[in-house]
Amino acid sequence: MIRGLTYEIVLWLFALAAIPKMLYQRIVHGKYRNCFSKRMGFAFPNIAKEDRELIWVHAVSVGETKAVAALAKKLKESHKNSLLLVSSTTDTGHAEAMRSMPFADYHVYLPLDLYVLMNSIIRRVKPSIVVLSESDYWYNFMRLSKAHGASIFVVNGKISERSTKRFQMVPGFCKELFSFVDFFSIQNQIYADRFASLSVPKEKMVITGNMKFDESYPKLTQEELISWRDQLGIKQTDKVLVVGSTHSPEEKLVLEALIEVWKEIPNLKALIVPRHPERFSEVAGILSKQSVPFIRFSQLNDRTGQESIILTDAMGQLRKCYQLADVALVGGSYTDRVGGHNIIEPCWYGVPVLFGPHMYTQPELVALVKEYKAGLQVNPENLVATLLSLLNDQEKRLSLGRGGIKLMSDMQGATSKTFQAIENQLKNKVSVG
827 MIRGLTYEIV LWLFALAAIP KMLYQRIVHG KYRNCFSKRM GFAFPNIAKE DRELIWVHAV
887 SVGETKAVAA LAKKLKESHK NSLLLVSSTT DTGHAEAMRS MPFADYHVYL PLDLYVLMNS
947 IIRRVKPSIV VLSESDYWYN FMRLSKAHGA SIFVVNGKIS ERSTKRFQMV PGFCKELFSF
1007 VDFFSIQNQI YADRFASLSV PKEKMVITGN MKFDESYPKL TQEELISWRD QLGIKQTDKV
1067 LVVGSTHSPE EKLVLEALIE VWKEIPNLKA LIVPRHPERF SEVAGILSKQ SVPFIRFSQL
1127 NDRTGQESII LTDAMGQLRK CYQLADVALV GGSYTDRVGG HNIIEPCWYG VPVLFGPHMY
1187 TQPELVALVK EYKAGLQVNP ENLVATLLSL LNDQEKRLSL GRGGIKLMSD MQGATSKTFQ
1247 AIENQLKNKV SVG
């Protein structure tokens, strides 16, 4: 009771501080335009359950949503009479959920975890199964779902060293929070040990691997690749660097490196794909100030053929871009505010992947990419030399690409293991009940 009250007070203080900032970002930068009111609990759909069970799958943003999509489909197919609701917390995550999980009955934004909002929704919805992807834990959501009889599963579970230390500062709250979870499907032993240090019983955990290796990676045909290059104005003789999921100030860093690389490789084309759509215009401004010839993806009809950079200002194009790449560089890794993104996406296409020093949110992926010799971790001061070395050495690129393909092949299977673990837990619950 006291913990719940303390949590509620802290959350209200956070909300009162955050809402003005969110409104400013919404008005000035267009951020939160679609999700602001919905995260306040407005427009949550009226769900006609008609005595059917409801499976609620929650994933924060794009990466978590892609990873959990195949599992959500398996659950939907296994529980044929159930409704499937998928929630997100960001506009990009919501868009990805609608794209990758069209089979879901409802796509919603997760409301703020205030008791007054969450209690009203959970009382109406009464989920039977709640699936939380990776590391997004909300006290009221979990407590109220549990109180109404839901089985709660954490899938593709992970927890950073930083989060572990923060949870250890509130051991009583942490123990109660994780007690709501029936079962944890964990990516690896490192994360399992961290959860164990937070009082999660070992019998409630199983290591299943990383479901990101099981994602559906669309692959273009040779004809489609040629057409895609033509559409972007990239000649068959041009070399291509794809810079994905960038954050400020990474574009400036990359641009400085490109200016040096172009002196030796003038036929290099760079595709820059910012992580967040509200930054598209900001990045265009950065390129304009440097007087670099570039074209926005949304304005390809105006291209002259002289552009060295294509600013991909559209959602859902990154994996398509990676298929053109001779080398890929994954952003979020050159700023310690972020701590890295999914560096295995280029590996699926046999593309060598580069990433920066700040990868604290993805230690497992870094270790695997290095183990399989599928990519390189590169400090800013070595970026120019590394790019020149790779772009001028086809055999080295092919070798790294082969390592990436083997990595993706060897690591698959986590989704099936996770699904089976959930089904076993549900069967045990029925037999005990």
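Numbering of the sequence shown is given in this note's numbering, commencing with residue 827 and proceeding in unit increments. Note that beta-carbon positions come from the ideal geometry of N, C-alpha and C, so glycine has one too.
Contact check, residue i vs residue j, beta carbons under 7 Å
i, j, result
"Ala1154", "Leu1137", "no"
"Leu897", "Phe1245", "yes"
"Tyr1017", "Ile985", "yes"
"Tyr1148", "Glu1076", "no"
"Thr1187", "Gly1201", "no"
"Met1237", "Cys1173", "no"
"Gly919", "Val894", "no"
"Val1192", "Met1185", "yes"
"Gly1158", "Ser1071", "yes"
"Pro953", "Trp882", "yes"
"Asp802", "Val1069", "A query on residue 802 cannot be resolved here, the shown segment of the chain reaching from 827 to 1259 and no further."
"Leu909", "Arg878", "yes"
"Val951", "Ala976", "no"
"Ala982", "Glu960", "What sits at residue 982 in the sequence shown is Asn, not Ala. Yes; because the gap between Cβ atoms is below 7 Å, this pair is in contact."
"Tyr1198", "Lys1232", "yes"
"Phe929", "Lys902", "yes"
"Val1210", "His1073", "no"
"Phe1106", "Asp1128", "no"
"Asn1014", "Glu1171", "no"
Residue closest to residue i, alpha-carbon to alpha-carbon, out of the options
i, options, result
"Asp1040", "Gly1227, Phe1181, Gly1201, Lys900", "Lys900"
"Arg829", "Pro953, Ala921, Phe999", "Phe999"
"Tyr1175", "Asp1162, Gly1230, Asn1218", "Gly1230"
"Leu1180", "Ser1235, Phe1123, Gln1203", "Gln1203"
"Glu890", "Ser908, Ala923, Arg878, Leu910", "Ala923"
"Val810", "Asp917, Phe1106, Val1066", "Residue 810 is absent from the model: the chain starts at 827 and stops at 1259."
"Leu839", "Lys1001, Asp877, Leu940, Asp931", "Leu940"
"Glu1133", "Pro1183, Asn1168, Gln1057", "Gln1057"
"Leu1126", "Asn1250, Met968, Trp1054, Pro953", "Trp1054"
"Val1156", "Asn1205, Ser1114, Phe1004, Glu1197", "Asn1205"
"Met944", "His974, Arg1020, Tyr850, Ala1140", "His974"
"Val836", "Asp1162, Glu1029, Leu1094, Tyr965", "Tyr965"
"Ser1005", "Glu834, Glu1190, Leu1094, Val1026", "Val1026"
"Arg988", "Gln1013, Asn1014, Phe1021", "Phe1021"
"His884", "Lys906, Gly1239, Thr915, Ala869", "Thr915"
"Pro1183", "Gly1227, Lys1030, Asn1208", "Asn1208"
"Tyr850", "Glu834, Ile1085, Lys875, Glu1104", "Glu1104"
7 Å Cβ cutoff, residue i in contact with chain B
i, result
"His920", "Included in the structure is just one protein chain, with no chain B present."
Contact belief for residue i with residue j at Cβ below 8 Å, rounded distance in angstroms
i, j, result
"Ala1096", "Leu1213", "Not really, about 10 Å apart at Cβ, beyond 8 Å."
"Val980", "Leu958", "5 Å"
"Leu1144", "Val1195", "Incorrect: roughly 18 Å between the Cβ atoms, too far for contact."
"Leu1024", "Gln994", "7 Å"
"Val912", "Met927", "5 Å"
"Leu938", "Ala843", "The Cβ separation is near 13 Å, so there is no contact."
"Ile1091", "Leu1224", "Not really, about 18 Å apart at Cβ, beyond 8 Å."
"Ile845", "Tyr932", "The Cβ separation is near 25 Å, so there is no contact."
"Glu1249", "Ser946", "Not really, about 31 Å apart at Cβ, beyond 8 Å."
"Lys1266", "Leu1046", "Because the chain is modelled from 827 through 1259, residue 1266 falls outside the range shown and cannot be assessed."
"Lys1089", "Ile1112", "About 20 Å; that fails the 8 Å criterion."
"Leu1295", "Gln1116", "Residue 1295 falls outside the range modelled here, since the chain spans only 827 to 1259, and no answer is possible."
beta-carbon residue i near the ligand PLP non-hydrogen atom, thresh 6 Å
i, result
"Ser1235", "In the structure on display, the ligand PLP does not appear, and there are no ligands present to speak of."
At least three beta-carbon pairs within less than 8 Å, the segment 1062 to 1070 to the segment 1002 to 1011: no
contact_flag[the segment 1120 to 1140, the segment 1028 to 1047] where n(CB pairs < 8 Å) is 3 or more: no
3 or more residues per run - each beta strand (DSSP E) lying fully within the segment 1139 to 1206: 1153 to 1156, 1179 to 1181, 1201 to 1203
Runs of beta strand (DSSP E) wholly within the segment 960 to 990 (minimum 3 residues, chain order): 977 to 983
Beta strand (DSSP E) segments (min. 3 residues) lying fully within the segment 905 to 968: 909 to 914, 932 to 935, 955 to 959
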